[in-house]
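Everything on this sheet refers to the single structure shown next.
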Amino acid sequence: MRFHISVNTNQPIEIVWEAFIKPENMLHWTKYLEKVEVVKGKLGEIGAVSRLHYLEKGKPYILEDKLVSYEEGKKIGSQVSGQRMLINVETFFESLNGGTKISMDWDGTSDSFIMSFIFKLMRRKMIKQAESELHHFKSLVEKYGETFPNKPP
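Just add 5 to wherever you are in the sequence shown, counting from 1, and you've got the numbering used here.
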């Protein structure tokens with residue numbers, strides 16, 4: 006399953022980039038995300054691996070996020086795996102009239118027939134959630150700049 010989403014923000018690319026790459030900020034705008042744990046390498050280093058700890062409807066699960074491409078201020082590419090899914094996400098940042106356009110390409114597959122079927126059934130919901138999260142990020146970066154408050158709103 007593939008989709009593309011984008012949003013424009015009034016903040017300059019430098020602020021948007023810094024806000025986006027801070028793991029602690031992810032807790033504010035990524036639904037159900039409770040903790041980001043870097044387990045290999047360091048942020049911005051290709052091959053770095055983080056564990057993303059989620060709690061959805063009382064059920065915990067962990068996805069692994071491997072950084073596969075990184076062009077500072079321009080692009081981040083991740084390979085997210087777990088729960089019998091493999092998701093490639095590329096996020097692009099483009100300076101636009103003093104603000105920033107953020108574009109995201111999402112490509113998910115599964116080695117499980119059931120998960121592949123669920124992907125198809127939930128396509129609209131998954132796109133809507135990704136759009137909601139990206140718009141929430143936009144509102145946070147426009148309100149707080151590159152550093153979000155200590156506790157998620």
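Note that the Cβ used here is the ideal one computed from N, Cα and C, for glycine as well.
Own chain residues within Cβ distance below 8 Å of G103, not counting five before or after:
Residue 103 sits at position 98 when you count from the first residue of the sequence shown. Residues N15, P17 of the same chain have their beta carbon placed closer than 8 Å to that of G103, with the five preceding and five following residues left out of the count.
Please work out which residues of its chain come closer than 6 Å, Cβ to Cβ, to I92, disregarding the five sequence neighbours upstream and downstream, and give them in chain order.
Indexing the sequence shown from 1 puts residue 92 at position 87. Once the five neighbours on either side are set aside, the close Cβ partners of I92 are V85, G113.
Within 8 Å, strictly: CB atoms of L72 and M109
Residue 72 sits at position 67 when you count from the first residue of the sequence shown. Residue 109 sits at position 104 when you count from the first residue of the sequence shown. No, the pair does not count as a contact, with Cβ atoms beyond the cut-off.
With distances taken Cα to Cα, identify the nearest neighbour of L163 among E76, V54, V21.
Past the boundaries of the shown model lies residue 163; the chain is included only from 6 to 158, so the question cannot be answered.
Per the contact definition of three or more C-beta pairs closer than 8 Å, is the stretch 123 to 134 in contact with the stretch 37 to 52?
Segments in contact, no.
What number of angstroms, rounded off, separates the C-alpha of K125 from the C-alpha of S11?
In the sequence shown, counting from the first residue as 1, residue 125 sits at position 120. In the sequence shown, counting from the first residue as 1, residue 11 sits at position 6. Approximately 21 Å between the Cα atoms of the pair.
Could you tell me the boundaries of the beta strand (DSSP E) in which Y66 lies?
Translated into the one-based positions of the sequence shown, residue 66 becomes position 61. That run of the beta strand (DSSP E) goes 64 to 76.
Rank P28, K47, K45 by C-alpha distance to the C-alpha of E39 and give the top, closest one.
The sequence position of residue 39 within the sequence shown is 34, counting from 1. Ranking P28, K47, K45 by Cα distance to E39 puts P28 first.
Please return the same chain residues whose Cβ sits closer than 6 Å to the Cβ of F97, not counting the five positions on each side in sequence.
Taking the sequence shown and counting its residues from 1, one reaches residue 97 at position 92. Excluding residues within five positions, the ones whose Cβ falls inside 6 Å are K80, S108.
Below 8 Å on the Cβ atoms is my guess for W111 versus F25; work out the distance and round it to an integer in Å.
Stepping through the sequence shown from its first residue, residue 111 is reached at position 106. Stepping through the sequence shown from its first residue, residue 25 is reached at position 20. Actually they do not touch by this definition, with Cβ atoms about 15 Å apart.
What is the DSSP secondary structure of N155, counted as helix, strand or coil?
On the sequence shown, residue 155 is found 150 positions in, with the first residue counted as 1. Here N155 sits in coil by DSSP.
Whole angstroms are fine: how far does the CA of K64 sit from the CA of H58?
For the purposes of this step, residue 58 is taken as residue 53 along the sequence shown, with counting starting at 1. For the purposes of this step, residue 64 is taken as residue 59 along the sequence shown, with counting starting at 1. Rounded to the nearest angstrom, the two C-alpha atoms are 11 Å apart.
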